[in-house]
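> Here it is, the structure in full.
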Amino acid sequence: MDITRVLRGLAWFVLGAASLAVLLYLALLAINWSDEPPSGDVATLRTLLESPPVVDADNGYVYALGLVVAADQDPLAQGAKRRAYLESLTATDRDHDGLSIPGERNHYVAERPAVVSLLESACKRGGADCAVLLERSTDTLDVWMRSEGWLLERYRQLIQRARWREVVPSNISGPLPAYQHLMHGQELYLLEAWRAGRAGDARVVRDHLQRDLRFWREVLRSSSLLITKVIAAAAVDRNFAYGSLALRALPAELQHEAIPASWREPIAREERAMFRALAGEHRWSDAAILRGEGLVVTESLTDGALADHLMRPLFQPQATSNLYAASLLEMARAFDVAELTQMPDVLERRRDTGGSGLRVLLHPYNPVGHVSIEIAKPSYIDYLPRAADLEGARRAALLAATLRTQGVTPADAAAAIRASPLTDPYTGAPLRWDAEHTSVVFTGLARGERQRRSVPL
């Protein structure tokens, strides 16, 4: 064998392969020579965020921004300052010192007695176990309500606001509202309703549940960010869970009059719609995309400075923004079903993402942008059904309350559930009866602990 000829042939092969790679890369550079203009989908999403201004005094978002300021400070005034500062942030700002308010009470959770923390943790999702624990822990609840009475009073003021109009930051690194304070305030408010139920005050129970749910359904309807939509859905869910405990604590003859009117109103299509929230997601991320950071920056797709340098020209910021807009708008339209019976099929198709990888890699124009968008898509899927699941949660809570007012016993509950018009919104089948825990059960489409709602009779 002539080693020289073999080596010469191998050298020509390597040179040819390298030349072909260079030619292909130069062809890709030519294809990616210029970016796209903003698309019609981008314009549509921008239009979805347009809305009439809301005065600060009427805007729950503004009050929420100042919810935990010091006792001698006005939450509304401080929230208005914060809102103005958020509106002034540019896409490149990295200094957020203007959002700091001296004296904010951010550490009350860490300062709770251990027994309060245990009670709060055990009652996160309501249920029969929480009901039993509350009956055994009235002294602990008193300690909790006294120590955080200031937050409870602030929450009362918050839910008097009739509107919710939030700022969508143009800076992806900018801070979001401290939603955990709203959740803690809601817990206290709904536990106050439970105490009223235990005392036999049907009016207080009804009014608390009505005010709380009216506020959070407005937030659900008006959310301009996905995180806000998710928080609002969790708050509506909590109203049904804790509200069921409050109604259950009342004497049987008082429960019917204590059921709030909003519990009888189905979750509307506009409340579960994702258009506005996903439009806000696009705006929030757009500045980062247009700076070349992308949804999944090129550094995460490559390894090393040379590879990054070679990949950067294959990322078109505005084209990626257009792809992102098209993807979000398509998701919003897909989940905007007229009937909830259509939702399981929509979700199943979304979760079946197999087979798209090769197709994405074959895009010669903006390949990095295409890969970034495809990587980002699955992260939305488990959030999108949460608002839709609320109708099933509402029906389960209302059905359990109705059965109690009718004097239905656990022995007769299964038959009464089968005869009820309050059925599973996805299948039309009766809701389930859990005989072991004497609870009405709805199983939603969201995954994890949020999937199963169990409402004690």
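Mapping to the UniProt record's numbering: the sequence shown position 365 is 365, numbers consecutive.
Glycine included, C-beta positions come from ideal geometry on N, C-alpha and C.
Keep in mind that this is a model prediction, so the values were computed, not measured.
Could you check how far apart the C-beta atoms of residue 212 and residue 159 are, in whole angstroms? I think they sit under 8 Å.
With 8 Å as the limit, residue 212 and residue 159 qualify as a contact, their Cβ atoms being about 6 Å apart.
> Would you be able to state if there are at least three C-beta pairs under 8 Å between the segment 72-84 and the segment 35-42?
no
> Taking DSSP as the reference, what is the three-state secondary structure of residue 442?
strand
> Straight-line CA distance for residue 440 to residue 310?
58 Å
> State yes or no: is the C-beta of residue 244 within less than 8 Å of the C-beta of residue 401?
A contact, by the Cβ cut-off of 8 Å.
> Report yes or no: do three or more beta-carbon pairs, one from the segment 138-153 and one from the segment 251-268, lie closer than 8 Å?
no
> Nearest by alpha-carbon distance to residue 372: which of 87, 331 and 327 is it?
Among 87, 331 and 327, the Cα nearest to that of residue 372 belongs to 327.
> Given a cut-off of 8 Å, decide if residue 279 and residue 45 are closer than it, judged by their beta-carbon atoms.
Going by beta carbons, residue 45 and residue 279 fall inside the 8 Å limit.
> Helix, strand or coil: which one does DSSP assign to residue 350?
DSSP places residue 350 within a helical segment (H, G or I) once states are collapsed to three.
> Could you give the first and the last residue of the continuous alpha helix (DSSP H) run that contains residue 115?
114-122
> Tell me which same chain residues have a C-beta within less than 6 Å of the C-beta of residue 246, skipping the five on either side of it?
193, 194, 197 and 205
> Taking C-beta to C-beta, are residue 395 and residue 335 nearer than 8 Å?
no
> Using the three-state DSSP reduction, which class does residue 430 fall into: helix, strand or coil?
strand
> Please classify residue 82 as buried or exposed, where buried requires at least 16 neighbouring CB atoms within 10 angstroms.
buried
> With H, G and I counted as helix, E and B as strand and the rest as coil, what does DSSP make of residue 32?
coil
> Suppose contacts are defined by Cβ-Cβ distances below 8 Å. Is residue 264 in contact with residue 398 by that definition?
yes
> Among all the DSSP beta bridges, which residues are the ones paired with residue 59?
163
> Could you work out which residue in 114, 168, 199 and 150 is closest to residue 181 when comparing CA atoms only?
Ranked by how close their Cα comes to the Cα of residue 181, the residues 114, 168, 199 and 150 have 150 in first place.
> Is it right to say residue 216 is buried, meaning 16 or more other beta carbons lie within 10 angstroms of its own, or is it exposed?
buried
> Residue 126 and residue 258 look like a contact to me (Cβ under 8 Å); what is the Cβ gap, rounded to whole Å?
Contact check for residue 126 and residue 258: beta-carbon distance about 16 Å, past the 8 Å limit, so the pair fails to qualify.
> Can you list, in chain order, the residues of its chain whose CB lies under 7 Å from that of residue 301, leaving out five sequence neighbours each side?
Caution applies to residue 301, whose pLDDT of 47 falls short of 50 and renders its modelled position unreliable; the model cannot decide the point.
> Within 10 Å of its beta-carbon, does residue 391 have 16 or more other beta-carbons around it, so buried, or fewer, so exposed?
In the assembly as shown, residue 391 is a buried residue. Its beta-carbon has 16 or more other beta-carbons within 10 Å.
> State the Cα-Cα distance for the pair residue 321 and residue 234, rounded to the nearest angstrom.
30 Å
> State the start and end residues of the unbroken beta strand (DSSP E) segment that holds residue 454.
452-456
> May I ask which residues mark the beginning and end of the alpha helix (DSSP H) holding residue 135?
128-136 is the span of the alpha helix (DSSP H), which, as asked, contains residue 135.
> Contact defined as beta carbons within less than 8 Å: I believe residue 277 pairs with residue 177. What is the distance between those atoms, to the nearest angstrom?
At roughly 15 Å, the Cβ-Cβ gap does not stay under 8 Å, so residue 277 and residue 177 are not in contact.
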